[in-house]
Amino acid sequence: MEPILKVKNLSKYYKSQKVIDNINMKVFKGDIYGFIGPNGAGKTTTIKTILRLLKPSSGEVFIDGKNVFKNGENNPSDIGAMIDYPSFYNNLSGYKNLILYANVLNLSKERVYEVLELVKLIDDKDKKVSNYSMGMKQRLAVARAFLSKPQIVILDEPTNGLDPEGVRDMRNLINKLARENGTTFIYCSHILNEVQNICNRVAMINKGRIIVEDSMKNLLKSANSLEDYFMKAVGL
């Protein structure tokens, strides 16, 4: 089976500093793919390069077999993302926030209704975002990432600031979207227990290099938990 996302020999330099070094990753359709590593390991640089927010010093990124850095081959709607703390216009409703993004992407208001239904915010669409709970804001950010019907969605710390109920709701939402829509997720988090609970495959990055890429099932054959495996792998 061909990967839906393939990262090949990806490197990024800032002056003389090598931030990521010869990164190789394969993500398959329907994966919930955990991407973990210590602070400063190169996760953010890798993700921003996959999203075309940074240009690599060398290497290639393929989505569905197409090189995203070649003119005429890349399609920005192939990939959506929820990066950092979700930022919205707090004085506007959830619906109006999404309409602003939909207009930029030349999408219909019907699509906005679809994604609000998808994340179970349709009943709260007219509430101001300032009145949303953290969990609702996170789900609105997922809705925004889904507007363009991407094949791949990158989630960076999607459970940050959530209470246990919010974490459970986010996990259930991601599983549902992967199962019913066939969406592929790249799930970046420092909460390794949650990565273990939701991801079927994992890559670990340390000092700018991928040190492990395997199924969760295989990793747990040699460790009591993902956290135990991770600590040994990075030498902590």
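Position 174, counted from 1, in the sequence shown is what the UniProt record's numbering calls 174; the numbers after and before it change by one each time, with no gaps.
Note that beta-carbon positions come from the ideal geometry of N, C-alpha and C, so glycine has one too.
Proximity of residue i and residue j at Cβ, strictly below 8 Å
{"i": "V27", "j": "T184", "result": "yes"}
{"i": "I122", "j": "K109", "result": "no"}
{"i": "Q196", "j": "L226", "result": "yes"}
{"i": "M25", "j": "E157", "result": "no"}
{"i": "I63", "j": "L5", "result": "yes"}
{"i": "I186", "j": "I154", "result": "yes"}
{"i": "A143", "j": "V119", "result": "yes"}
{"i": "I50", "j": "G208", "result": "no"}
{"i": "P150", "j": "I79", "result": "yes"}
{"i": "M216", "j": "N200", "result": "yes"}
{"i": "A233", "j": "Y33", "result": "no"}
{"i": "I198", "j": "N181", "result": "no"}
Buried or exposed (CB count within 10 angstroms, at least 16 for buried), residue i
{"i": "Y13", "result": "exposed"}
{"i": "Y40", "result": "Rather than Tyr, the amino acid found at residue 40 in this sequence is Gly. By the 10 Å Cβ count, G40 comes out exposed."}
{"i": "P56", "result": "buried"}
{"i": "Y229", "result": "buried"}
{"i": "Y89", "result": "exposed"}
{"i": "L116", "result": "buried"}
{"i": "L219", "result": "buried"}
{"i": "N224", "result": "exposed"}
{"i": "residue 243", "result": "The requested residue 243 is not part of the displayed model; the chain covers only 1 to 236."}
{"i": "N172", "result": "exposed"}
8 Å CB neighbourhood of residue i in its chain, flanking five on each side removed
{"i": "K43", "result": "F35, I36, G37, C188 and I205"}
{"i": "G59", "result": "V7, K8, N9, L10, S11, N22 and I23"}
{"i": "A81", "result": "I47, L51, A145, V153, I154, L155 and D156"}
{"i": "Y132", "result": "G94, D124 and L140"}
{"i": "K18", "result": "S11, K12 and G208"}
Own chain partners of residue i with C-beta closer than 7 Å, once the 5 adjacent residues on each side are dropped
{"i": "L162", "result": "M134, G135, Q138 and M170"}
{"i": "K70", "result": "none"}
{"i": "residue 237", "result": "Absent from the model: residue 237. The displayed extent of the chain is 1 to 236, so no value can be given."}
{"i": "P86", "result": "K137, Q138, L140 and A141"}
{"i": "P3", "result": "K26, V27 and F28"}
{"i": "G30", "result": "A178, G182 and T184"}
{"i": "V112", "result": "Y95, L98, I99 and A102"}
{"i": "M1", "result": "F28"}
{"i": "I191", "result": "T159"}
Residue-chain proximity (residue i, chain C), Cβ-Cβ < 8 Å
{"i": "K149", "result": "In the structure shown, chain C cannot be found, because there is only a single protein chain."}
Cβ-based neighbour list, residue i, same chain, cut-off 6 Å, excluding 5 preceding and 5 following
{"i": "G166", "result": "G135"}
- Message: Within 8 Å, do at least three Cβ pairs link the segment 82-94 to the segment 117-132?
- Response: When C-beta atoms of the segment 117-132 are compared with those of the segment 82-94, three or more pairs fall below 8 Å, so the two segments count as touching.
- Task: Starting from the N-terminal side, write out each stretch of the alpha helix (DSSP H) that is 4 residues or longer and does not extend beyond the segment 61-90.
- Result: Those alpha helix (DSSP H) runs which fall completely within the segment 61-90 and span 4+ residues do not exist here.
- Tell me the start and end of each unbroken alpha helix (DSSP H) in the segment 19-57 that is at least 4 residues and wholly inside, in chain order. Taking only runs of at least 4 residues, the alpha helix (DSSP H) segments lying wholly in the segment 19-57 are 43-50.
- Which residue spans inside the segment 93-144 form an unbroken alpha helix (DSSP H) run of at least 4? Listed in chain order, they are 94-104 and 109-118.
- Task: Just list the beta strand (DSSP E) runs in the segment 137-193, keeping only unbroken ones of 3 residues or longer that don't cross its boundaries, in chain order.
- Result: Correct list: 152-156 and 184-188.
- Task: Let me know the alpha helix (DSSP H) ranges lying completely inside the segment 188-234, each 4 residues or longer, listed in chain order.
- Result: Whole alpha helix (DSSP H) segments, 4+ residues: 192-198, 216-219 and 226-233.
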